[in-house]
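So the mapping is simple: my numbering equals the position in the sequence shown, first residue as 1, plus 5.
Note that beta-carbon positions come from the ideal geometry of N, C-alpha and C, so glycine has one too.
Values in this document were obtained by computation on a predicted structure and should not be read as measured data.
Structure first, then comments.
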Amino acid sequence: MRAHDIVVYGATGFVGALVAEHLAGHAPDQTRIALAGRSAERLEAVRRRLGVQWPIIVADAADDAALAELAASTRVVISTVGPYAKYGRALVHACAAAGTDYVDLTGEVLFVRESIDANHELARTTGARIVHSCGFDSIPSDIGVHVLHARAQADGAGELTDTTLVVTAVKGGFSGGTIDSMRHQLDTVAKDRELRRVAAGPYSLTPDRAAEPDLGRQDDMVSLRGDQVDPSLRGSLAPFIMASYNTRVVRRSNALRGYAYGRSFRYREAMSTGTSPLSPILAAGTKIGMIAMVAGLRLPPTRFLLDRLLPKPGEGPDERTRREGHFTVDVFTRTTTGARYTARFRAEGDPGYAATALMLGEAALALVHDREALPPSEGGVLTPATGIGDALVNRLRAAGVEITARALTDAAR
């Protein structure tokens, strides 16, 4: 029997401490939790603030032996230490080797591609469920499509075809960790043309690119009218900053399920800019702003300025701002029978902090306490939908997250 059920690695960081706080308030009493990181003194401060008596584990991200010992001591590891391409490789491998389930909040395409290549087959032999991206990236996207597909299947409405996630409401700030991960990936692809190609590929996370259907160009920088997605939508849609990552995760879920969503499943993400007469201008401005920020981070003079203005790793909003944040995403699809469906994923709390801490914590609790409800799997590098599935849906709903799916039209009979 292992000493712990869950180890929170990076518990002294901003998001790590929020995850630990969520577990302290919501984990079942019998859950055996430990805090891990580089500094015993800082871990003790977190433990004291939470008012818990959880064990402390000191392990540096560069100490392979310490990480192997940590992984072998627990059933699940939660990692909040990023950028994961710099600090996360060894811990994921240690968990895969030890048969230990693992969750994180990465949004780094290249890191996850490397993790798949290095750990998928190993994790299948040990039974470890390695589930990346269990925060705002990419649970709303992946679980939103999961419940949408389940509803269409229950109605006998056929497979999914054109499917679009729309961020219809959001209030929250930029994550310093997300910005740092973006910097690191931009620096990496600037030096390597092949990695640049991998990062840009729509199927960069799928098991076998050659097996993917040829559905033409699938652009992440979409600019659309709402009614181009669904007749019920008004206003204009701008590109969503995390589409270039979330879309790859959802496509991996489809591939891992044997293309259960459909061989003609096309998926994209966008963000609503409202329904006012200014909506098209706001959408265009959002797209230009995103392009300008990426370009600015690539060029030394503007990067120096942006580095001074953007949040630093480990920084985050105050408690009031985290509490008052929220987000709503709506996913729209048409099926092969001609039916239209929509799913909604709505949560309170700043998306990158409060809501992410809840989602990441509940993902780990599902792996510990809801084994009978997990999707059938031999293990491997999975996604939230394929690794945790309905067990996660049920836990999130119980925690107050709105997750629904409904038909907008009847299937053609």
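Note down, in chain order, each residue of its chain lying with its Cβ closer than 7 Å to the Cβ of residue i, except the 5 sequence neighbours on either side.
| i | result |
| --- | --- |
| GLY240 | GLY231, SER277, THR278, GLY279, THR280 and SER284 |
| ASP355 | GLY177, GLY178, PRO322, THR326, ARG327 and GLY330 |
| ALA288 | SER228, SER241, LEU242, ALA243 and THR278 |
| ALA22 | ALA16 and VAL51 |
| ARG271 | THR166, ASP167, THR168, LEU220 and GLN223 |
| THR211 | GLU217, ARG256, ARG257 and ALA260 |
Can you tell me which of the options puts its alpha carbon nearest to the alpha carbon of residue i?
| i | options | result |
| --- | --- | --- |
| ARG308 | ARG188, GLY18 and THR105 | ARG188 |
| GLY392 | ARG402, GLU377 and ALA403 | GLU377 |
| GLY394 | PRO145, GLU329, PRO306 and PHE337 | PRO145 |
| ASN124 | THR36, THR388, ALA8 and HIS98 | HIS98 |
| ARG147 | HIS374, MET364 and ARG411 | As written in the sequence, residue 147 is Asp, which differs from the Arg given in the question. Ranking HIS374, MET364 and ARG411 by Cα distance to ASP147 puts MET364 first. |
| THR333 | GLU353, THR36 and LEU75 | GLU353 |
| LYS292 | PHE245, ARG345, THR361 and LEU315 | PHE245 |
| ARG303 | LYS196, GLY87, VAL171 and TYR14 | LYS196 |
| LEU200 | MET247, GLU119, GLU126 and HIS137 | GLU119 |
| VAL136 | LEU387, ALA412 and GLY405 | LEU387 |
| PHE350 | SER269, VAL150, LYS317 and VAL254 | VAL150 |
| LEU413 | ASP160, SER249, GLY93 and ASP68 | ASP160 |
| PHE204 | VAL175, ASP185 and VAL254 | Going by the sequence as given, residue 204 is Ala instead of Phe. Of the candidates VAL175, ASP185 and VAL254, the one whose C-alpha sits nearest the C-alpha of ALA204 is VAL254. |
What's the call for residue i, buried or exposed, on a 16-neighbour Cβ count within 10 Å?
| i | result |
| --- | --- |
| ARG418 | For ARG418, the predicted model reports a pLDDT of 49, less than 50, meaning its position is unreliable; a value from the coordinates is still stated below. Exposed: under 16 other Cβ atoms inside 10 Å. |
| GLN190 | buried |
| ALA403 | exposed |
| ALA225 | One detail in the question is off: residue 225 reads as Asp in this sequence, not Ala. Under this definition ASP225 is a buried residue. |
| VAL398 | buried |
| ARG198 | exposed |
| ILE408 | buried |
| ALA215 | exposed |
| MET6 | exposed |
| ASP109 | buried |
| GLY343 | exposed |
| ASP142 | buried |
| ARG411 | exposed |
| ARG80 | buried |
| SER249 | buried |
Nearest-angstrom Cα distance between residue i and residue j?
| i | j | result |
| --- | --- | --- |
| GLY140 | ARG273 | 19 Å |
| THR183 | GLY112 | 8 Å |
| THR168 | VAL117 | 23 Å |
| THR193 | ALA66 | 20 Å |
| LEU372 | PRO282 | 47 Å |
| LEU311 | MET295 | 13 Å |
| ALA162 | SER78 | 46 Å |
| ALA390 | CYS100 | 20 Å |
| ASP335 | HIS27 | 26 Å |
| ARG256 | ALA368 | 20 Å |
| HIS154 | ARG202 | 30 Å |
| SER382 | PRO305 | 46 Å |
| VAL299 | SER138 | 22 Å |
| TYR208 | TYR264 | 13 Å |
| ASP375 | GLY301 | 45 Å |
| LEU315 | GLY206 | 28 Å |
| SER84 | TYR92 | 10 Å |
| VAL152 | GLU46 | 43 Å |
| ASP68 | LEU48 | 18 Å |
Whose C-beta lies closer than 6 Å to the C-beta of residue i among residues of the same chain, with five residues either side of it excluded?
| i | result |
| --- | --- |
| GLY384 | ALA128, ARG129, GLY132, ALA133 and ARG134 |
| GLU164 | GLY267 and THR341 |
| PHE337 | THR169, VAL234, ASP235 and THR347 |
| ALA39 | HIS9, VAL12, TRP59, PRO60 and ILE62 |
| LEU261 | THR391 |
| HIS406 | The question names His, but residue 406 in the sequence shown is Val. Contacts found: ALA352. |
| ALA157 | THR340 and TYR346 |
Leaving out the 5 sequence neighbours to the left and right, which residues in its chain are closer than 8 Å to residue i when beta-carbon positions are compared?
| i | result |
| --- | --- |
| SER44 | THR17 and VAL63 |
| LEU370 | ILE11, LEU28, HIS31, ALA32, PRO33, THR36 and ARG400 |
| ILE286 | none |
| VAL172 | PHE245, GLU274, ALA275, MET276, SER277, PHE332, THR333 and VAL334 |
| ALA359 | LEU23, ARG327, ARG328, GLY330 and GLU353 |
| GLU126 | GLY385 |
| LEU55 | ALA25, GLU26 and ALA29 |
Within the 8 Å Cβ cut-off, does residue i reach chain B?
| i | result |
| --- | --- |
| ARG222 | Checking the listed chains, one finds no chain B in this structure; it contains a single protein chain. |
Sequence ranges, beta strand (DSSP E) only - wholly within the region 282 to 346, length at least 3: Every unbroken stretch of the beta strand (DSSP E) spanning 3 or more residues and falling wholly within the region 282 to 346 is given here in chain order: 331 to 340.
Completely contained alpha helix (DSSP H) runs for the region 221 to 267, where each covers 4 or more residues: Within the region 221 to 267, the alpha helix (DSSP H) runs of at least 4 residues that lie entirely inside it are, in chain order, 248 to 261.
In chain order, each alpha helix (DSSP H) run of at least 4 residues that lies wholly inside the region 167 to 195: If we require 4 residues or more, the region 167 to 195 turns out to have no alpha helix (DSSP H) run fully inside it.
Ranges of the alpha helix (DSSP H) found wholly within the region 27 to 68, counting only runs of at least 4: Taking only runs of at least 4 residues, the alpha helix (DSSP H) segments lying wholly in the region 27 to 68 are 45 to 55.
4-residue-minimum alpha helix (DSSP H) runs that sit fully inside the region 350 to 413, ordered along the chain: The region 350 to 413 contains these whole alpha helix (DSSP H) runs: 361 to 374, 389 to 392 and 395 to 403.
Segments assigned alpha helix (DSSP H), at least 4 residues, entirely inside the region 53 to 138: With a minimum length of 4 residues, the unbroken runs of alpha helix (DSSP H) contained wholly in the region 53 to 138 fall at 69 to 77, 89 to 92, 94 to 103 and 114 to 131.
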